[in-house]
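Visitor: Residue numbers for the sequence shown, in our numbering: 3 to 405.
Before anything else, here's the structure in question.
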Amino acid sequence: MVTVIDPQVAGVSGNMMVGALMDLGAHPERTVEVMEEAASHFGGAEVRVSEVKRAGIRATYVEVKTDESQAIGYREFLRRLDGIKNPLLDDDMMSMARAVFHTIAQAESSVHGRGLDEIHFHEVGAADAVADVIGAVFAYFDLNMHMDKVYTLPVSVGGGRVMGAHGITPVPAPATAEILRGFPVEGGPAEVELTTPTGAALLVNMAEGHRRFYPPMEIQATGYGAGRMDPDFPNVLRILRGREPLPSDRIVLLETNVDHLSGEVLGSLFKRLMDEGALDVTLTPVIMKKNRPGQLIRVICREAEHERILEALFRETGTLGVRVFPQVHRSILERKIIEGEVEIRGRRRARFKVGFLGSRPLNARIEYDDARRISLETGIPLRDVIEMAEEQFRASLQRSGGQ
Numbered sequence: 003m004v005t006v007i008d009p010q011v012a013g014v015s016g017n018m019m020v021g022a023l024m025d026l027g028a029h030p031e032r033t034v035e036v037m038e039e040a041a042s043h044f045g046g047a048e049v050r051v052s053e054v055k056r057a058g059i060r061a062t063y064v065e066v067k068t069d070e071s072q073a074i075g076y077r078e079f080l081r082r083l084d085g086i087k088n089p090l091l092d093d094d095m096m097s098m099a100r101a102v103f104h105t106i107a108q109a110e111s112s113v114h115g116r117g118l119d120e121i122h123f124h125e126v127g128a129a130d131a132v133a134d135v136i137g138a139v140f141a142y143f144d145l146n147m148h149m150d151k152v153y154t155l156p157v158s159v160g161g162g163r164v165m166g167a168h169g170i171t172p173v174p175a176p177a178t179a180e181i182l183r184g185f186p187v188e189g190g191p192a193e194v195e196l197t198t199p200t201g202a203a204l205l206v207n208m209a210e211g212h213r214r215f216y217p218p219m220e221i222q223a224t225g226y227g228a229g230r231m232d233p234d235f236p237n238v239l240r241i242l243r244g245r246e247p248l249p250s251d252r253i254v255l256l257e258t259n260v261d262h263l264s265g266e267v268l269g270s271l272f273k274r275l276m277d278e279g280a281l282d283v284t285l286t287p288v289i290m291k292k293n294r295p296g297q298l299i300r301v302i303c304r305e306a307e308h309e310r311i312l313e314a315l316f317r318e319t320g321t322l323g324v325r326v327f328p329q330v331h332r333s334i335l336e337r338k339i340i341e342g343e344v345e346i347r348g349r350r351r352a353r354f355k356v357g358f359l360g361s362r363p364l365n366a367r368i369e370y371d372d373a374r375r376i377s378l379e380t381g382i383p384l385r386d387v388i389e390m391a392e393e394q395f396r397a398s399l400q401r402s403g404g405q
């Protein structure tokens, strides 16, 4: 799956992220529960969820009502964060939440030239921001987005000036600009702060990269999270989720039938064609004219190499004709060689060729040389080594989410 976070028009804030993820399908009651539980450690908050329209676009609005909170130091903040206990919040969720808060702390530290222990949170120390981060992280995992390829489009930050804890500052706020370092941003479309430090920190921790435009995808779900204001533009954060198309390329297919070549010549031909740049060569037994046994030679290659391979086929086989199928479409999986460890009479390292559909592993095959080595080392038949190794490795891929 691929997920695209789209803050191009109205930027991103913490409650907009929560609203968009709820609108995308995250469990609303459970999300509210963990938000209020988290906020209770920072003075308490009441969370309300409603459906609204912003410039005619329907969206989910998450409002967090809280009393004024005092700025707190980073150590005290972490102590309270560690006190959040809810069976709905697992270790992975809390780890990501800590990463989001650490992103903001690092930005504040850089902007003010102070160590982390000297940083006093103003926005993050507030119960509403804590609720937003915990709610967004819970919804992110509830949707299994941690298994997706997640991208962000350019971030609208707004414009003008804003009054903050340190007085009047330009938009984007210094901490926001620091957090978004390396990500594309755009000013406007209004003279207000559209992207907050909390929203920016959530964005950079969720997205593995940024794109100028939407990647190829089959859209399956959309979510809209509303901001508080209803200006003359859609004040919403949009998140789209869908399937990635299968990777594909175009190849040339060459075919010829022969009935006069010996096994030695066919073996040599196979190697010669691969050396010339063929992607694959197959030999299939066929019955030809006058019931003569022969071979169908089939070669796939890239267009740039097909003339050279065609010449080699004529020269090496003596055939009088070759069928050429130009621009054949081929769907392919992304392939990676991953080294893993298996237990076969002791722990042994082996390489596996893994095929991925998007970010999801679909199959895994042990490399022949490694399987043969393990077979020789253990005395176990090769086919049994292959079966045991691939079964163990596929199980480890499932446990790790394909990483």
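Backbone N, C-alpha and C fix where the C-beta goes; we use that ideal spot for every residue, glycine too.
Note that the structure is a prediction, hence the values are computed from the model and not measured.
Would you report the Cα separation of A306 and A314, rounded to the nearest angstrom?
Guide: The alpha-carbon atoms of A306 and A314 are separated by roughly 14 Å.
Visitor: Anyone know if the C-beta pair for S15 and T224 falls short of 7 Å?
Guide: Against a cut-off of 7 Å, the Cβ pair of T224 and S15 comes out as no contact.
Visitor: Check whether the stretch 251-259 and the stretch 325-336 are in contact - that is, three or more C-beta pairs closer than 8 Å.
Guide: At 8 Å Cβ cutoff, the stretches touch.
Visitor: Under the assumption that T68 contacts G85 (Cβ atoms under 8 Å), give the Cβ distance between them as a whole number of angstroms.
Guide: About 18 Å; that fails the 8 Å criterion.
Visitor: If you reduce the DSSP assignment to three classes, tell me which class F44 lands in.
Guide: The answer is helix: DSSP assigns F44 an H, G or I state.
Visitor: Tell me the DSSP bridge mates of I299?
Guide: Beta-bridge pairing links I299 to T258 and L285.
Visitor: With a Cβ-Cβ cutoff of 7 Å, do A209 and V102 count as a contact?
Guide: Not closer than 7 Å, so no.
Visitor: CB-CB under 7 Å to L384, same chain, minus the five flanking residues each way: which ones, in chain order?
Guide: If we look at L384 and ignore the five residues flanking it on each side, its Cβ neighbours are A373, R374 and S377.
Visitor: Is the number of C-beta pairs between the stretch 228-237 and the stretch 49-56 that are closer than 8 Å three or more?
Guide: The stretch 228-237, when compared against the stretch 49-56, does touch it at the 8 Å Cβ threshold.
Visitor: Would you check if the distance between the CB atom of I241 and the CB atom of A22 is smaller than 7 Å?
Guide: Cβ atoms of I241 and A22: closer than 7 Å.
Visitor: In this structure, how does DSSP classify R375 when only helix, strand and coil are distinguished?
Guide: The answer is helix: DSSP assigns R375 an H, G or I state.
Visitor: Taking G225 as part of the beta strand (DSSP E), name the residues at either end of that continuous run.
Guide: First-last of the beta strand (DSSP E) with G225: E220 to A228.
Visitor: Strictly by DSSP, which residues pair up with V187?
Guide: Paired residues: V157.
Visitor: Any idea if H397 is buried or exposed, counting beta-carbon neighbours within 10 angstroms, 16 or more meaning buried?
Guide: The identity of residue 397 in the sequence shown is Ala, whereas the question assumes His. Classification for A397: exposed.
Visitor: Can you grab the Cα-Cα spacing for the pair A192 / Q10, in whole Å?
Guide: Distance between the alpha carbons of A192 and Q10 is about 12 Å.
Visitor: Give the secondary structure of M290 by DSSP, where H, G and I count as helix, E and B as strand, and everything else as coil.
Guide: Three-state result, M290: coil.
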